[in-house]
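The next block holds one structure in the form of structure tokens; read it before the comments.
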Amino acid sequence: MRRSLQRLAMVVLLLLAVSMLTFVAMNVLGDPLFNILGPIAGDTENPESIAKIEAAKAQYYLDKPLPERYVRWLGDFVQGDMGVRFASDGQPPVTGLIKERLPRSLVLMGMAQAMALLIAIPWGISSAAGSLGGVDTGPRSWRFLVPFALKATAVTYFAQSLFGSVVGVVMLSWFIALLLAHQFAETVPAARELVDGVNKTMSGFSSALSFGFISMPNFALAVSLYYVFALKQGWFPLRYDASDGFFTRMWQLFLPALTLALPGSAVYQRLLRTDLITTLQEDFILMARAKGVSKRRVLFRHALRPSMFSVITVFGINAGALVGGALVVETFFGIPGIGTAVVEAILREDFPVVLAIVMIVATGFVVLNFLVDLLYSVLDPRVRS
Amino acid sequence: MSQDVSTGGVIEAIEPEGAQAGIVKKTLGPGFWLAVGWIVLIVLLAVLAPVLPLKDPNANFIDIQGKGRPPYGPSGDHWLGSDQDARDMLSRTIYGARVSLVVGFSAVAFGFTIGGTIGLVSGFVRGMFDKITSFIMLVLLSFPALILAILITSLMERSLLTIALTLGILSVAPVGRLARSASLVFSEREFVLAARTMGAKPSHIMLRELLPNVLIPMSALALLGTAVAIVAEGGLAFLGLSVEKGSTWGKLILTGAQTRQLEEAPWIAFVPITALFLTVMALNFAGDRLREYFDVRELAL
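Chains as they are written, first to last, in this note's numbering: chain A, 32 to 416; chain X, 570 to 870.
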């Protein structure tokens, strides 16, 4: 408890430092008066401009010293008022803009993280399953057949629509051959060798794939996914439209979220795989296997939970990378979220907006990591002491 | 290996990798050298670009009689096609590598000099200095990196120097954190204690005893960091915030990423994407192999 409080105090101190740094940087490096009024800010001769300058100074407190302005801004900020924008009329106020833009970005990032976990957990488990050893689902059981059929259908459909029907037919015959090889694996040595060889190749392929996802920069991935799935295949809409209905908008967010999710999923998969392999060496797994618990149940129910530590840690850290990714992805797909808002505001030197967004993002990031810290004790009772 | 086959099997079953670790010498593997080869190739191409027999990257090779309106597809004349202004994609990509690589390498060099020094000293000295620098690093780390980068680049003119410097500043905190933790670990070791007892000066211990040891895990981080910096520059360029003059991979991808360009001439985007992807993958892979080779745990995150 005391440790948690200490960390909380640290978080508050950290956020104060972040806000002070951003505030000072923007007021010292930029020229707020110029950003509000434009060229007339430097005009000291025309009485009309002087009056305007005085009015703007009073409205934005620019005549007050920097520390006082900071304290004023901070006081307003913690009460939910993020000030007025540096535009000639200051409309809409920053709080209104954030209220409009933030939910979209949160949905996008939430979708991305959920997708990343949904991809990473089965992927990580299947790539670690080999180290458990032993076979308990016979090739004829539905536990093998149903996932196999699903996989085969999905891959064939993908190959057929991306590379033409010839490749589709080749894929389909390949899967039928593989199924036959599984059927005769116990009696025919050549079939056994084929199945083993395929498994080995697939695990190599899976690690190469995850490495590829990690190395693909998000903007390049965005362009590639957009080209293949939106432009060529037409499976996804080309643009985001804020006036569409709820489900249409969610569908429009699918491809951007996938762009953000794929690199994350590869990172999670690698961590999960390493941790799972370590967990699978432990005695309680051997115990469960000895009792006759099925491989699948051991992996999902016994081994998964204690293997989630690294994934959860990186889940929190990844949220920061996700914000950077959201910036790029929102700009590319034309989603009016806080990512596009901050890019626009920085280009127009609309500092109150930038400051507000930096603060929201930093707060979200440190709070999320604080929560992740608390989550450890939920995952593993041994940490509670 | 005069072992009975069955015993070998049991040992392997108990300790699948540990049993062999003592016998088999760790190697970096052919993949590592392949990755290094690609990096060397790209660096050589970028350095030698002006003397190589390449087409002028900014010249328009419009050929109305022969092929009609640009962009032209890949052909014997333009190996990787041309962009919408009939400029040669191959030479543009190679010239683009110059900026991307310079930014990547110099950002990492800056981050390592500053962050590495701070981390090394604070891990060794500890006390107040360590507390203050650790807090500053924590503050820097709680900014999303790309937002900080566009913040700095938007407030200053966007020259090659400022972009490289910005990304360098961003890499100070992560590098410093690793250098500090490595320095903390090694400061506890016997050889440092021995040096202290023999009356070595702190500066001598840091330079001669700590630095060589800390440099080992850092070498892996340098490769990974270069990849991150190159990607970050690409991201900035993609937002229209990278260097104003000259082409970089990010800028090339941006010009090819417009819907019209993608429909008519996908190679404009995919040539630089492929170059960027392969380079980043090579850097990541080489860094990852080095990390495994030296068995550095804390880099895994």
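For each residue, glycine too, the CB sits at the ideal point set by N, CA and C.
Are the CB atoms of residue j and residue i within a distance shorter than 8 Å?
i	j	result
A:Val-125	A:Val-138	no
X:Val-800	X:Ser-752	no
X:Pro-639	X:Asp-654	yes
X:Ala-855	X:Leu-792	yes
X:Glu-802	X:Ser-669	yes
A:Ser-341	A:Leu-307	no
X:Ile-663	X:Thr-848	no
X:Ser-711	X:Ser-703	no
A:Val-398	A:Ile-388	no
A:Val-359	X:Phe-807	yes
X:Phe-674	X:Thr-795	yes
X:Ala-851	X:Trp-607	yes
A:Leu-410	A:Arg-336	yes
A:Ala-253	A:Thr-218	no
A:Ala-297	A:Phe-244	yes
A:Ala-3	A:Met-146	The question about residue 3 of chain A has no answer here: the residues shown for chain A are numbered 32 through 416.
A:Thr-187	A:Gly-199	yes
Find the nearest neighbour of residue i within the set the options, judged by alpha-carbon distance.
i	options	result
X:Val-708	X:Ser-691, X:Val-741 and X:Ile-732	X:Val-741
X:Ala-714	X:Ser-691, X:Met-850 and X:Ile-738	X:Ile-738
A:Lys-88	A:Ala-145, A:Gly-111, A:Gln-37 and A:Phe-117	A:Phe-117
A:Ile-129	A:Leu-405, A:Ile-391, A:Leu-402 and A:Tyr-407	A:Ile-391
A:Pro-287	A:Pro-367, A:Val-389 and A:Ile-156	A:Pro-367
A:Thr-53	A:Gly-161, A:Phe-189, A:Leu-406 and A:Leu-386	A:Leu-386
X:Leu-790	X:Ile-716, X:Asp-625, X:Asn-853 and X:Leu-845	X:Asn-853
A:Thr-309	A:Ser-162, A:Val-49, A:Pro-63 and A:Phe-108	A:Ser-162
A:Lys-263	X:Arg-829, X:Leu-734, X:Ile-822 and X:Leu-649	X:Arg-829
X:Pro-643	X:Pro-786, X:Ile-687 and X:Ile-837	X:Ile-837
A:Gly-30	X:Leu-845, X:Gly-804, X:Gly-809 and X:Val-812	No answer is possible for residue 30 of chain A: the residues shown for chain A start at 32 and end at 416.
A:His-213	A:Leu-406, A:Ser-50, A:Phe-189 and A:Ser-172	A:Ser-172
A:Ser-238	A:Leu-148, A:Ala-159 and A:Phe-382	A:Ala-159
X:Phe-846	A:Ala-222, A:Met-247 and A:Gln-37	A:Met-247
X:Ser-750	X:Ile-687, X:Ala-678 and X:Leu-859	X:Ile-687
Using the Cα positions of residue i and residue j, report the straight-line distance between them to the nearest angstrom.
i	j	result
X:Ala-834	X:Gly-815	22 Å
A:Ala-376	A:Tyr-299	33 Å
X:Pro-841	A:Ser-255	12 Å
X:Lys-700	A:Phe-242	36 Å
A:Leu-303	A:Ile-348	15 Å
A:Arg-320	A:Lys-326	7 Å
A:Phe-179	X:Ile-683	54 Å
A:Pro-294	X:Thr-596	28 Å
A:Arg-34	A:Phe-215	59 Å
A:Leu-39	A:Phe-401	8 Å
A:Ala-183	X:Gln-827	35 Å
A:Met-41	A:Asp-112	24 Å
A:Ala-82	A:Asn-66	17 Å
X:Leu-780	X:Val-694	14 Å
X:Trp-648	X:Leu-617	19 Å
X:Asp-646	X:Thr-824	22 Å
A:Ile-84	A:Gly-127	26 Å
X:Tyr-862	X:Val-605	15 Å
A:Leu-93	A:Val-43	27 Å
X:Ala-588	X:Val-620	A caution first: X:Ala-588 carries a pLDDT of 44, below 50, which makes its placement in the model too unreliable to give a value.
X:Pro-786	X:Val-744	11 Å
X:Ala-628	X:Leu-734	31 Å
A:Ser-274	A:Met-140	20 Å
A:Met-57	A:Leu-105	15 Å
A:Trp-205	A:Leu-211	10 Å
A:Thr-168	A:Arg-174	Low confidence applies to A:Thr-168: its pLDDT is 48, below 50, so where it sits in the model is not reliable enough to give any reading.
A:Tyr-407	A:Tyr-257	37 Å
X:Thr-722	X:Leu-730	11 Å
A:Tyr-271	A:Gln-283	6 Å
X:Ala-590	A:Gln-312	Since pLDDT at X:Ala-590 reaches only 46, below the 50 mark, its modelled position is unreliable, and no value is offered.
On the DSSP bridge list, what partners appear for residue i?
i	result
X:Asp-657	X:Ser-651
For a test of your reading of the model: does the CB of residue i fall under 7 Å from any non-hydrogen atom of the ligand COA? Yes or no.
i	result
X:Met-767	As far as ligands go, the structure on display features none, and thus does not contain the ligand COA.
Problem - Inside the region 178–266 of chain A only - alpha helix (DSSP H) runs reaching at least 4 residues - result: 196–214, 220–246 and 249–256
Problem - Entirely enclosed alpha helix (DSSP H) segments - the region 722–791 of chain X, minimum 4 residues - result: 729–756 and 759–766
Handout entry: Start-end ranges of the alpha helix (DSSP H) lying completely within the region 272–338 of chain A, minimum 4 residues
Key = 277–310 and 314–321
Handout entry: Secondary structure, alpha helix (DSSP H): runs of 4+ residues fully inside the region 116–161 of chain A
Key = 125–159
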